Amino acid sequence: MFLILAIAGSIVWYAGTRITCYVDAIARRSHIGEAFAGMLLLGGVTSLPEVATAGAAAANGNALLTVNDLLGSASMNLVLLAIGDLLYGKNALTCVAGRPQTLMQGTLGMILLAAVGFAITVTDIVIPVVGTGVTTVILAAACVQALRISRRFERNTTWQVIDPPDVEAAESADVELSNGRLAVLTTAAAMAILSGGATLAMTGDAIADKTGLGSSIIGFTLIAFSTSLPELSSVLKALKMRRYQLAIGDIFGTNLFNILILFLGDLLYREGALLNQAGSFEIAACCLAAVLTGIFLVGLLERRNRTIGRMGTDSAMVVVIYLGGLAGLSLL
Numbered sequence: 000m001f002l003i004l005a006i007a008g009s010i011v012w013y014a015g016t017r018i019t020c021y022v023d024a025i026a027r028r029s030h031i032g033e034a035f036a037g038m039l040l041l042g043g044v045t046s047l048p049e050v051a052t053a054g055a056a057a058a059n060g061n062a063l064l065t066v067n068d069l070l071g072s073a074s075m076n077l078v079l080l081a082i083g084d085l086l087y088g089k090n091a092l093t094c095v096a097g098r099p100q101t102l103m104q105g106t107l108g109m110i111l112l113a114a115v116g117f118a119i120t121v122t123d124i125v126i127p128v129v130g131t132g133v134t135t136v137i138l139a140a141a142c143v144q145a146l147r148i149s150r151r152f153e154r155n156t157t158w159q160v161i162d163p164p165d166v167e168a169a170e171s172a173d174v175e176l177s178n179g180r181l182a183v184l185t186t187a188a189a190m191a192i193l194s195g196g197a198t199l200a201m202t203g204d205a206i207a208d209k210t211g212l213g214s215s216i217i218g219f220t221l222i223a224f225s226t227s228l229p230e231l232s233s234v235l236k237a238l239k240m241r242r243y244q245l246a247i248g249d250i251f252g253t254n255l256f257n258i259l260i261l262f263l264g265d266l267l268y269r270e271g272a273l274l275n276q277a278g279s280f281e282i283a284a285c286c287l288a289a290v291l292t293g294i295f296l297v298g299l300l301e302r303r304n305r306t307i308g309r310m311g312t313d314s315a316m317v318v319v320i321y322l323g324g325l326a327g328l329s330l331l
């Protein structure tokens with residue numbers, strides 16, 4: 000079982016590093032913007048394991064595992080960004096990466112996380128024939144609108160960064176490939192992430208069953224980490240290339256897609272509205288992810304180069320609050 004975990008992890012790791020280079024090349028050739036490319040393309044691709052695991056859990060009638068995987072991944076992804084700050088930053092990540100586009104993405108993510116928490120508190124109504132709850136349909140529509148707002152803001156922002164910090168020039172990853180071959184390799188890497196990530200999650204689920212621990216905390220930690228491995232590899236590669244907007248856009252975009260995947264889970268869950276099965280644990284998980292996002296947003300707004308060792312103080316705070324939140328969640 001652990002051998003399968005290692006093989007699948009290696010596949011996902013390699014594919015995650017390659018997809019980062021391909022998305023960077025696509026962003027440069029298409030001029031869609033580094034932050035939006037990270038959000039839409041890299042975030043969408045690295046969310047594929049969540050599609051497989053959350054969809055399978057919902058189809059099997061495990062509503063809590065579906066929701067906790069997605070919400071747990073949202074918090075875990077932000078911790079991975081903090082880890083990247085530690086490993087690849089001489090300066091605080093939010094000091095060198097402060098751009099209006101990432102601020103908009105993070106703000107939209109916080110709004111949607113709060114909306115998920117609110118949706119859990121109300122009794123959802125199942126739409127006849129479709130079989131999904133009204134709230135997940137509204138959340139899905141809000142996610143699509145958030146992507147549209149981010150794209151529009153990327154092209155037409157009137158905000159400009161004044162006195163940006165001196166940083167090393169970014170590495171070029173515009174690989175010598177035709178557009179057609181670039182598309183093929185990007186698709187192949189995405190499929191490798193999907194299959195490898197799904198294998199990771201299923202193996203993690205099997206390990207979770209053998210431990211005998213509760214599905215809530217397992218879905219929030221072990222399986223969430225398994226499905227977040229593509230984000231870790233892609234974020235570390237982006238930071239190594241000094242593509243800071245790509246890295247942050249990847250995390251904010253993945254968290255946005257995770258909320259969108261709730262609709263897919265609700266569609267596959269046949270025992271009522273998905274969010275009606277969630278409770279105080281899931282509301283607290285939403286709050287934790289929103290708070291962690293807010294901490295990074297404050298850092299992006301301040302752009303102060305305050306570090307603890309090689310890690311920005313905001314990144315350190317994210318790790319501490321995540322661990323504290325995890326301890327609190329284990330008591331629910």
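For the sequence shown, the residue numbers in numbering that gives the first Met the number 0 are 0 to 331. Just so it is clear, CB atoms sit at the ideal spot from N, CA and C, and this is done for glycine as well. Quick caveat, the model's predicted, so the values are computed rather than measured.
Taking all protein chains shown into account, decide if residue i is buried (16 or more other Cβ within 10 angstroms of its Cβ) or exposed.
i	result
Ile-294	buried
Ala-168	With a pLDDT of 49 at Ala-168, under the threshold of 50, the predicted position of this residue should be treated as unreliable, though the coordinate-derived value follows. Exposed, by the Cβ-count rule.
Val-115	buried
Pro-127	exposed
Lys-236	buried
Gln-104	buried
Ile-119	buried
Leu-39	buried
Leu-146	buried
Leu-18	Note on identity: in this sequence residue 18 is Ile, with Leu being the wrong assignment. Its Cβ being crowded by 16 or more others within 10 Å, Ile-18 is buried.
Leu-72	Checking the displayed sequence, the identity of residue 72 turns out to be Ser instead of Leu. By the 10 Å Cβ count, Ser-72 comes out buried.
Phe-117	exposed
Gly-179	exposed
Met-190	exposed
Leu-330	exposed
Ser-74	buried
Ser-233	buried
Leu-259	buried
Val-11	buried
Ile-3	exposed
Val-121	exposed
Ser-314	buried
Val-66	buried
Ala-140	exposed
If you compare alpha carbons, which of the options is closest to residue i?
i	options	result
Asn-59	Glu-270, Cys-142, Ser-329, Ala-289	Glu-270
Asp-123	Ile-18, Leu-138, Ile-110	Leu-138
Gly-42	Ser-194, Met-75, Pro-229, Ala-57	Pro-229
Gly-264	Arg-28, Ala-5, Leu-69	Leu-69
Leu-325	Val-22, Cys-94, Cys-285	Cys-285
Gln-276	Leu-259, Arg-27, Leu-63	Leu-63
Ala-26	Leu-287, Val-317, Gly-248, Ala-53	Gly-248
Thr-185	Ile-3, Gly-8, Tyr-13, Ala-5	Tyr-13
Ile-6	Ala-140, Val-22, Ser-194	Ser-194
Ile-192	Val-50, Val-290, Met-316, Leu-291	Val-50
Leu-102	Gly-323, Leu-330, Glu-301	Glu-301
Thr-337	Leu-111, Thr-52, Ala-315, Leu-328	Because residue 337 is not part of the residues shown, which for the chain are 0 to 331, the question remains open.
Leu-255	Leu-47, Cys-20, Ser-177, Gly-8	Leu-47
Leu-231	Ile-3, Ser-9, Leu-2	Ser-9
Thr-198	Lys-89, Val-183, Phe-224, Leu-291	Phe-224
Ile-148	Asp-313, Glu-175, Gln-100	Gln-100
Leu-322	Val-143, Ser-233, Asp-23, Leu-77	Leu-77
Ala-56	Tyr-268, Gly-132, Leu-330	Tyr-268
Thr-93	Thr-292, Ile-260, Leu-261	Thr-292
Cys-142	Met-109, Gly-130, Thr-131	Met-109
Val-125	Leu-274, Ile-320, Leu-299	Leu-274
Leu-181	Leu-80, Cys-20, Ser-227	Cys-20
Ser-227	His-30, Asp-23, Thr-45	Thr-45
Thr-131	Leu-328, Val-297, Ala-288, Ala-272	Ala-272
Glu-175	Thr-16, Leu-328, Asp-23, Thr-253	Asp-23
Gly-298	Thr-52, Ala-205, Val-95, Leu-79	Val-95
Leu-261	His-30, Met-201, Gly-54, Gly-15	Gly-54
For the alpha helix (DSSP H) containing residue i, list its first residue and its last residue.
i	result
Glu-281	279-301
Pro-99	99-120
Thr-131	Unbroken run through Thr-131: none, as it is neither H nor E.
Gly-308	From DSSP, Gly-308 is part of no alpha helix (DSSP H); its letter is neither H nor E.
Ile-258	243-267
Gly-323	312-328
**Prompt:** Does the region 138-155 come within contact of the region 275-287, defined as at least 3 CB pairs closer than 8 Å?
**Reply:** no
**Request:** Quick one: which unbroken alpha helix (DSSP H) runs of 4-plus residues sit fully inside the region 24-97? Chain order, please.
**Result:** 33-36, 42-45, 47-58, 62-87, 92-95
**Request:** Say whether the region 31-48 touches the region 231-245, bearing in mind that this needs 3 or more beta-carbon pairs closer than 8 Å, one atom from each stretch.
**Result:** yes
**Message:** When you compare the region 79-94 with the region 297-308, are there three or more beta-carbon pairs, one atom per stretch, that lie closer than 8 Å?
**Reply:** yes
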